[in-house]
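Residue numbers (this note's numbering): 1474 to 1906.
Right, here's the structure in full:
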């Protein structure tokens, strides 16, 4: 700021005129002394405002080596993310390697187990626990703040937590959602009762209001949504209780809304033909549904409420991992890149429907595709898909239990007890006990 000096000078001059005349001598009129000038108070000069000290731009160097198995359209988005990162950190270099998906896991394990491999790996979520157990990927917990983690979809974040560690970050999400044909059922049902009523009203001729899938993969998350849980964090079963029975009874009631499916494509085919109002399916089929009935008719709805909870669907992730081998400047650069990958800027680039079209794992990302936005909102009520080894013990026994109830009218509590016993035995085998 410029200096400003205010000066006010006031001078009062008083002069007396002396009159003299040629008269007899008289006493002269005294001349009053001149008045003392009044000085204006001088204000001290304003202190100049110093320009704020700009901290030096953070310096980051090193090389980020990255392996992936992405397709061509995904690589276009990856290149945009790297360019955006290098615009902020121009001294960081990248070494990118494409590896076919079927070879990526084995190549990484071989290289990382001997101290090599990339600093960063983009790969499947179910690889993570084995990588961590083998000491190949790092726990990110010490490197990430709670505020940063709070920006990530809760179910997606739950899918990368293993043995108290954060074994990676979810860079995109997919999962089970509820689709609706707006031409058949115009409004999204807010509750399970609303869904049943709307489905019944829409069922006419060869059109069904709902055709719901209740195979174990597609229905297990409802247990979590209504307040129960399938397993403990260590993989031990936790469903054999009143909430488990409530969950099975909820699935039995699916038939009130219309026909049901157990791992068939009948529901999807009927929906594509414009003959079903509501189905439950994965986001991986979204493109095919858009092509079949048109984007203007398709909606991805939030899960409807049920009693004191809501229905739900499994949320799965593809992860970005930090190698346990990387150190020094390369580690710092890799960590910064991994965090940038989950930033709204990078996630928006990856969500470009003309390129990678990845559903963001970060909350609040602005996306241009309305259906992708709806899926993000649905995933807010999603459930983390368990990727731990113990999950392998659940598939057969839970399928057997559910089918015995659906097809044979078995008692839900008895069916769950049978499943529980089988799962406990299988988990012991998995753990080598």
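The beta carbon of each residue, even a glycine, is placed where N, CA and C say it ideally should be.
All values derive from a computational prediction rather than experimental measurement.
Closest residue to residue i among the options (Cα-Cα distance)
| i | options | result |
| --- | --- | --- |
| residue 1451 | 1748, 1777 and 1779 | The first residue shown for the chain is 1474 and the last is 1906, placing residue 1451 beyond what the model contains. |
| residue 1609 | 1584, 1711, 1575 and 1741 | 1584 |
| residue 1737 | 1870, 1697, 1815 and 1686 | 1686 |
| residue 1793 | 1611, 1545 and 1868 | 1611 |
| residue 1864 | 1780, 1880, 1898 and 1882 | 1898 |
| residue 1847 | 1756, 1578, 1812 and 1820 | 1756 |
| residue 1852 | 1548, 1586 and 1627 | 1627 |
| residue 1751 | 1745, 1683 and 1789 | 1683 |
| residue 1905 | 1866, 1881, 1873 and 1883 | 1866 |
| residue 1597 | 1582, 1578, 1614 and 1613 | 1578 |
| residue 1629 | 1833, 1679 and 1780 | 1833 |
| residue 1907 | 1704, 1637, 1653 and 1599 | Residue 1907 is absent from the model: the chain starts at 1474 and stops at 1906. |
| residue 1858 | 1695, 1895 and 1727 | 1695 |
| residue 1692 | 1599, 1719, 1564 and 1581 | 1719 |
| residue 1640 | 1646, 1605 and 1567 | 1605 |
| residue 1840 | 1869, 1823, 1856 and 1854 | 1823 |
| residue 1564 | 1532, 1586 and 1547 | 1532 |
| residue 1837 | 1855, 1816, 1888 and 1856 | 1816 |
| residue 1777 | 1802, 1622 and 1651 | 1651 |
| residue 1690 | 1616, 1868 and 1632 | 1868 |
| residue 1688 | 1829, 1556, 1812 and 1787 | 1787 |
| residue 1569 | 1543, 1631, 1855 and 1878 | 1543 |
| residue 1908 | 1802, 1814, 1575 and 1613 | It is not possible to answer for residue 1908, since the shown part of the chain is limited to 1474 through 1906. |
Whether residue i touches residue j by CB criterion (9 Å)
| i | j | result |
| --- | --- | --- |
| residue 1571 | residue 1541 | yes |
| residue 1649 | residue 1754 | yes |
| residue 1806 | residue 1537 | yes |
| residue 1900 | residue 1709 | yes |
| residue 1758 | residue 1592 | no |
| residue 1624 | residue 1800 | no |
| residue 1826 | residue 1849 | no |
| residue 1433 | residue 1716 | For residue 1433 there is no data in the structure shown, the boundaries of the chain being 1474 and 1906. |
| residue 1699 | residue 1675 | no |
| residue 1896 | residue 1862 | no |
| residue 1681 | residue 1726 | no |
| residue 1535 | residue 1566 | yes |
| residue 1875 | residue 1887 | no |
| residue 1539 | residue 1622 | no |
| residue 1646 | residue 1790 | yes |
| residue 1744 | residue 1724 | no |
| residue 1873 | residue 1891 | yes |
Three-state class that DSSP yields for residue i in the structure shown
| i | result |
| --- | --- |
| residue 1692 | helix |
| residue 1618 | coil |
| residue 1715 | helix |
| residue 1906 | coil |
| residue 1870 | helix |
| residue 1631 | helix |
| residue 1660 | coil |
| residue 1756 | helix |
| residue 1681 | strand |
| residue 1501 | In this prediction, residue 1501 scores a pLDDT of 38, lower than 50, which makes its location untrustworthy; no coordinate-derived value is stated. |
| residue 1875 | helix |
| residue 1546 | helix |
| residue 1595 | strand |
| residue 1777 | coil |
| residue 1638 | strand |
| residue 1853 | coil |
| residue 1749 | strand |
| residue 1734 | strand |
| residue 1553 | helix |
| residue 1508 | Note that residue 1508 scores 41 on pLDDT, short of 50, meaning its location in the model is unreliable and no value can be drawn from it. |
| residue 1705 | coil |
| residue 1589 | coil |
| residue 1882 | coil |
| residue 1721 | helix |
| residue 1700 | coil |
Start-to-end residues for the beta strand (DSSP E) that takes in residue i
| i | result |
| --- | --- |
| residue 1651 | 1642 to 1654 |
| residue 1540 | 1535 to 1541 |
| residue 1603 | Where residue 1603 is concerned, there is no enclosing beta strand (DSSP E), although the alpha helix (DSSP H) it sits in stretches over 1601 to 1606. |
| residue 1765 | From DSSP, residue 1765 is part of no beta strand (DSSP E) but of the alpha helix (DSSP H) over 1759 to 1766. |
| residue 1774 | 1771 to 1774 |
| residue 1795 | 1787 to 1795 |
First and last residue of the uninterrupted alpha helix (DSSP H) at residue i
| i | result |
| --- | --- |
| residue 1891 | 1885 to 1903 |
| residue 1567 | Looking at the DSSP string, residue 1567 is not in any alpha helix (DSSP H); the run it does join, the beta strand (DSSP E), is 1565 to 1571. |
| residue 1739 | 1739 to 1745 |
| residue 1577 | 1574 to 1585 |
| residue 1670 | 1665 to 1675 |
Check: residue i C-beta below 8 Å from any heavy atom of the ligand NAP
| i | result |
| --- | --- |
| residue 1869 | What this structure holds is no ligand at all, so the ligand NAP is not there to describe. |
4 or more residues per run - each alpha helix (DSSP H) lying fully within the segment 1800 to 1848: 1801 to 1814 and 1817 to 1823
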